[in-house]
Amino acid sequence: MKKFLLLLFPLLFFSGCALFETRDSRLHTFHTVVLDPGHGGCDPGARAVKGMDEKQLNLDVAQRVKPLLEAEGYRVIMTRTNDTFIPLETRTAIANAHSDAIFVSIHFNASPKRSASGVETYYYCYGSEPLAAALFQELCSQRRCPRRGVKRAVFYVLSHNHCPATLLELGFVSNRKENAFLQTPQAREQLAKQIAAGIAKTRAF
Ligand SMILES: [Zn+2]
3 MKKFLLLLFP
13 LLFFSGCALF
23 ETRDSRLHTF
33 HTVVLDPGHG
43 GCDPGARAVK
53 GMDEKQLNLD
63 VAQRVKPLLE
73 AEGYRVIMTR
83 TNDTFIPLET
93 RTAIANAHSD
103 AIFVSIHFNA
113 SPKRSASGVE
123 TYYYCYGSEP
133 LAAALFQELC
143 SQRRCPRRGV
153 KRAVFYVLSH
163 NHCPATLLEL
173 GFVSNRKENA
183 FLQTPQAREQ
193 LAKQIAAGIA
203 KTRAF
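Counting from 3, one number per residue, gives the positions in the sequence shown under the working numbering.
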């Protein structure tokens, strides 16, 4: 992920985020899941060492998560359904238009350090931490990779979101071995199932 595109000076006043809230009550009651496949169009995101780049992988995983959630009775809204560039403010506006939504942004990672690998999840509002934590736990449940952790960051799509919101980094496409795994449909199906399961567990807490 090109972090500089998503990082923004923390305009806390405009963030719409209850900073001192420990848990967002919507985590128990949401019916709508906004799935946000990161990047798209002129913004490829992270370049894979081989195979599909991040923008394609993000969309592929989101499209696999959607029917799994719909089968559980959730309404799913995608911020993009094809290879188009969607501004970050449009992505958050889609989520903020729904009072019963959570927001899950899907990304893959890259690093100049080619050995970097593993999963990490992000939140900004403390009320969103349980969502990020549940997804992290689920994503690490069956995969042998570094548990990079649940982290707090001022990414635009998190800090400008009024919904419980998380951003997932599902693995490094700059790592030859991990990328080879992530490029398989089986791996992405497994990731999709884990994302759907993590969302369902958050709702059930
Ligand atoms: Zn990204």
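Using N, Cα and C, we set each Cβ at its ideal position, and we do this for glycine too.
Taking 9 Å as the cut-off, decide whether the C-beta atoms of valine 175 and arginine 49 are in contact.
Yes, they are a contact pair.
Report whether the distance from the Cβ of glycine 47 to the nearest heavy atom of ligand 1 is below 8 Å.
A heavy atom of ligand 1 is found nearer than 8 Å to the CB of glycine 47.
Identify, in the order they occur along the chain, each residue of the same chain with its Cβ nearer than 8 Å to the Cβ of glutamate 191, setting aside the five sequence neighbours on each side.
Only Arg66 meet the Cβ criterion.
Alpha carbon to alpha carbon, what distance is there between aspartate 38 and threonine 81?
5 Å
Reference arginine 150, options Ser130, Tyr128, Gly173, closest by Cα
Distances from the alpha-carbon of arginine 150 to those of Ser130, Tyr128, Gly173 put Gly173 closest.
Taking DSSP as the reference, what is the three-state secondary structure of glycine 42?
strand
Please state the DSSP three-state secondary structure of glutamine 196.
The DSSP-derived three-state label of glutamine 196 is helix.
Taking only the alpha-carbon atoms, compute the straight-line gap between tyrosine 125 and isoleucine 104 and give it to the nearest angstrom.
Taking C-alpha positions only, tyrosine 125 is separated from isoleucine 104 by approximately 12 Å.
Compute the minimum distance between the beta carbon of glycine 40 and the heavy atoms of ligand 1, and state whether it is under 8 Å.
Result yes, Cβ under 8 Å from ligand 1.
Burial state of glutamine 196, where buried means 16 or more other Cβ atoms lie within 10 Å:
A residue is called buried once 16 or more other Cβ atoms fall within 10 Å of its Cβ, and glutamine 196 is buried on that count.
Backbone secondary structure at arginine 149 - three-state DSSP:
strand
So, is valine 134 buried or exposed, given that buried needs 16 or more other C-beta atoms within 10 angstroms?
It is alanine, not valine, that sits at residue 134 in the sequence shown. Buried, since its Cβ has 16 or more Cβ neighbours within 10 Å.
Within 9 Å, strictly: CB atoms of glycine 40 and leucine 169
yes
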